[in-house]
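Contents: one structure, followed by commentary.
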Ligand SMILES: Nc1ncnc2c1ncn2[C@@H]1O[C@H](COP(=O)(O)OP(=O)(O)O)[C@@H](O)[C@H]1O
Ligand SMILES: [Mg+2]
């Protein structure tokens with residue numbers, strides 16, 4: 002039985018009866034999350050991730066559809082009647098209580114005796130490496146420590162599901178990477194289902210067992226990190242997760258002979274001929290000629306942006322830095338890639354900031370590796 | 541920042557002058573309450589006596605006036621705290637159409653000139669209000685004063701609590717419910733402790749405001765009920781009672797200084813917001 006089922010879940014904000022003022026935050030979302038999963042909700046800001054999380058927690062009443070936890074319909078149940086705990090983005094620690102009291106809170110309101118809750122809270126604090134901080138007030142802790150207090154406060158209740166809303170968003174890069182590893186370890190140890198909201202595709206890819214990619218309140222694709230990265234089903238996913246070249250149907254027809262939107266990862270494209278001579282393309286490969294627009298040096302590899310001949314489209318190729326002799330802006334170049342590296346995607350709404358796509362264009366994920 | 545010596549000396553002098561300007565009259569009144577002579581010619585003091593204090597203690601009128609003021613202020617403050625706190629919680633928790641207007645209406649009474657409030661309330665209280673099913677008249681006395689004072693005391697309570705609630709994370713109540721607390725538990729363990737010190741600070745200010753209110757009081761007290769400010773105003777022009785007025789003024793001053801200090805501490809530090817408890 003899935004830990005969480007969302008059935009045609011829908012949420013609109015704004016006054017009833019005034020369609021023009023309504024915001025559709027979550028648009029008929031269907032989703033099943035299995036027990037013990039580390040499941041990420043990934044999407045740009047405003048795509049409805051938090052709203053989904055808040056409906057699972059019970060802070061927001063859905064406009065339509067249902068939320069099932071362990072097979073039970075809890076759509077209208079109060080937050081305190083759900084076996085779910087939340088780690089808030091701003092941690093929401095109680096400022097007037099000590100760290101120890103914060104962690105004890107859930108046990109206290111459920112009527113568990115003083116001695117037992119003391120001990121369980123102390124053990125929990127120990128396991129997030131805050132054993133000696135129990136007497137402090139939240140404002141006397143650093144951001145990373147508060148984050149772990151919030152985690153301990155939720156986990157001490159042994160919920161079936163833990164919801165985390167961009168819990169690492171406020172931390173600096175180094176701390177964030179440490180916490181990613183730590184969170185993953187904790188999740189494996191306690192075996193609780195984690196639902197993790199993030200807009201950072203690198204974070205989602207590295208931590209999750211499965212990912213749902215959100216866009217404008219809808220799920221574009223659900224799958225393992227590998228499936229999402231290697232086989233994005235829509236142009237949005239291709240562009241948001243990692244970097245992708247998206248070829249529109251016209252360009253695809255010319256280059257690939259198929260009239261449909263296609264996506265190719267830059268690292269799957271190679272430079273086969275520089276200067277127009279000796280172009281040799283393997284069987285099962287397609288090739289296209291163009292002019293180098295610019296070369297971006299990234300250390301081990303370079304990003305070469307190529308303007309295709311007879312087309313306004315640009316393609317981005319990721320190539321090893323040592324294979325770049327003779328490549329310079331303005332020079333002709335031939336690009337080739339395996340037919341299997343290009344796959345059809347459904348064209349979906351792109352985000353506003355990348356909406357100026359020409360015949361073909363590349364999009365970059367928020368935070369690629 | 542480093543200042544030149546003359547600049548520092550000037551600042552020092554200005555500060556001293558300001559403090560003198562503010563506090564010298566208070567010292568004079570306090571000193572006069574121990575002055576044997578009734579004369580108000582200044583500095584007509586000679587010697588020292590506690591006669592006026594014992595006389596004030598023995599006479600009924602000022603004592604009763606003081607007691608009346610305290611009772612009105614206390615009841616008005618309690619009403620104001622209950623209503624102001626509930627209003628503050630509603631205003632920070634829910635969004636609704638016309639919220640800005642309601643927020644403005646809630647704080648308006650404190651900005652309205654007392655004379656306007658006074659006349660309006662006087663008019664209302666003196667009339668028979670006919671609601672069809674039944675009719676009533678508020679009349680004048682202790683209860684009308686309490687109602688009148690509560691109108692502006694609510695503002696102080698509301699402002700203090702709203703400021704505290706706005707400073708704390710809106711997620712706290714949700715976090716509490718998320719951890720399994722029912723509404724009453726959340727109120728008891730989270731909401732109330734968060735706003736407690738703000739309520740106390742607001743309560744002290746409301747009490748002080750009600751205690752020395754004279755304009756609205758004049759319109760709404762009626763004839764059988766006298767507060768301390770009214771008594772002082774009435775006796776201030778009778779030479780034989782001036783020393784008693786000095787005693788009462790000094791007494792009120794002594795009582796209010798620690799309260800003002802407490803209110804100040806509670807409203808800017810408090811046990812709520814982040815960083816407050818460290819002080
Ligand atoms: N309480 C609310 N009132 C009105 N609109 C809201 C509210 N909460 C969220 N929204 C809107 O719903 C959409 C989705 O928001 P959210 O779920 O917070 O997105 P995300 O967490 O993915 O950034 C946004 O357009 C946001 O403006
Ligand atoms: Mg969000």
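Chains as they are written, first to last, in this note's numbering: chain A, 2 to 370; chain B, 541 to 819. Where a beta carbon is used, it is the ideal one built from N, C-alpha and C, also for glycine. Predicted model, so just to flag it, every value in this text is computed and none were measured.
Per DSSP, residue i is paired with what?
i	result
residue 41 (chain A)	A:197, A:212
residue 670 (chain B)	B:675
residue 333 (chain A)	A:292
residue 303 (chain A)	A:298, A:320
residue 593 (chain B)	According to DSSP, residue 593 (chain B) bridges with nothing at all.
residue 74 (chain A)	A:69
residue 33 (chain A)	A:6
residue 12 (chain A)	A:27
residue 145 (chain A)	Per DSSP, none; premise fails for residue 145 (chain A).
residue 315 (chain A)	A:308
residue 338 (chain A)	A:287
residue 85 (chain A)	A:162
residue 115 (chain A)	According to DSSP, which records beta bridges pairwise, residue 115 (chain A) is partnered with nothing at all.
residue 182 (chain A)	In DSSP, residue 182 (chain A) forms no bridge with anything.
residue 756 (chain B)	Paired residues: none, contrary to the question.
residue 222 (chain A)	A:214
residue 571 (chain B)	In the DSSP output, where bridge partners are listed per residue, residue 571 (chain B) has none listed.
If contacts are defined as beta-carbon pairs under 8 Å, then residue i and residue j qualify, I think. What distance do you get, rounded to the angstrom?
i	j	result
residue 63 (chain A)	residue 12 (chain A)	6 Å
residue 163 (chain A)	residue 88 (chain A)	7 Å
residue 153 (chain A)	residue 180 (chain A)	About 13 Å; that fails the 8 Å criterion.
residue 198 (chain A)	residue 166 (chain A)	5 Å
residue 80 (chain A)	residue 718 (chain B)	5 Å
residue 342 (chain A)	residue 269 (chain A)	4 Å
residue 800 (chain B)	residue 693 (chain B)	That belief does not hold up - the Cβ atoms of residue 800 (chain B) and residue 693 (chain B) are roughly 16 Å apart, past 8 Å.
residue 287 (chain A)	residue 340 (chain A)	6 Å
What residues in its chain sit with their C-beta under 7 Å from that of residue i, if we drop five residues either side in the sequence?
i	result
residue 814 (chain B)	At residue 814 (chain B) the pLDDT is 38, less than 50, meaning the model places this residue with poor confidence; the figure from the coordinates comes in the next sentence. Excluding residues within five positions, none has a Cβ falling inside 7 Å.
residue 218 (chain A)	25, 26, 27, 28, 48, 49
residue 612 (chain B)	682, 685, 686, 689, 750, 767
residue 701 (chain B)	624, 625, 628, 735, 738, 739, 742
residue 498 (chain B)	The requested residue 498 (chain B) is not part of the displayed model; chain B covers only 541 to 819.
residue 353 (chain A)	In this prediction, residue 353 (chain A) has a pLDDT of 42, which is less than 50 and means its spatial position is unreliable; nothing more can be read from the coordinates.
residue 258 (chain A)	none
Check each candidate in the options and name the one with the smallest Cα separation from residue i.
i	options	result
residue 247 (chain A)	A:289, A:317, A:284	A:317
residue 193 (chain A)	A:227, A:179, A:155, A:177	A:155
residue 592 (chain B)	B:703, B:796, B:576	B:576
residue 2 (chain A)	A:60, A:71, A:66	A:71
residue 653 (chain B)	B:587, B:705, B:691	B:691
residue 116 (chain A)	A:102, A:132, A:245	A:102
residue 607 (chain B)	B:571, B:752, B:783	B:752
residue 594 (chain B)	B:788, B:549, B:736	B:788
residue 804 (chain B)	B:745, B:710, B:589	B:745
residue 726 (chain B)	A:36, A:109, A:282, A:311	A:109
residue 588 (chain B)	B:695, B:599, B:570	B:570
residue 263 (chain A)	A:286, A:85, A:243, A:239	A:239
residue 170 (chain A)	A:39, A:46, A:105, A:298	A:46
residue 772 (chain B)	B:651, B:601, B:713	B:601
residue 119 (chain A)	A:106, A:319, A:334	A:106
residue 57 (chain A)	A:82, A:37, A:43	A:82
residue 329 (chain A)	A:301, A:274, A:313	A:274
residue 90 (chain A)	A:55, A:245, A:37	A:55
residue 314 (chain A)	A:291, A:186, A:84	A:291
residue 715 (chain B)	B:731, B:706, B:547	B:731
residue 296 (chain A)	A:195, A:321, A:5, A:92	A:321
residue 189 (chain A)	A:284, A:294, A:40	A:40
residue 349 (chain A)	A:241, A:332, A:230, A:4	A:241
Using a Cβ-Cβ cut-off of 8 Å (strictly less than) and excluding sequence neighbours within five positions of residue i, which residues of its own chain qualify?
i	result
residue 356 (chain A)	In this predicted model, residue 356 (chain A) has a pLDDT of only 36, less than 50, meaning its place in the structure is not dependable enough to derive any value.
residue 96 (chain A)	138, 139, 140
residue 77 (chain A)	62
residue 261 (chain A)	250, 253, 345
residue 31 (chain A)	7, 8, 9, 10, 220
By Cβ distance below 6 Å, which residues in the same chain neighbour residue i in space, the five residues on each side in sequence not counted?
i	result
residue 754 (chain B)	769
residue 677 (chain B)	668
residue 619 (chain B)	690
residue 545 (chain B)	none
residue 142 (chain A)	none
residue 206 (chain A)	226
| request: Can you list the residues near ligand 1, meaning Cβ strictly closer than 6 Å to any non-hydrogen atom, in the order they appear in the chain? | output: A:14, A:24, A:26, A:44, A:46, A:47, A:48, A:49, A:50, A:51, A:52
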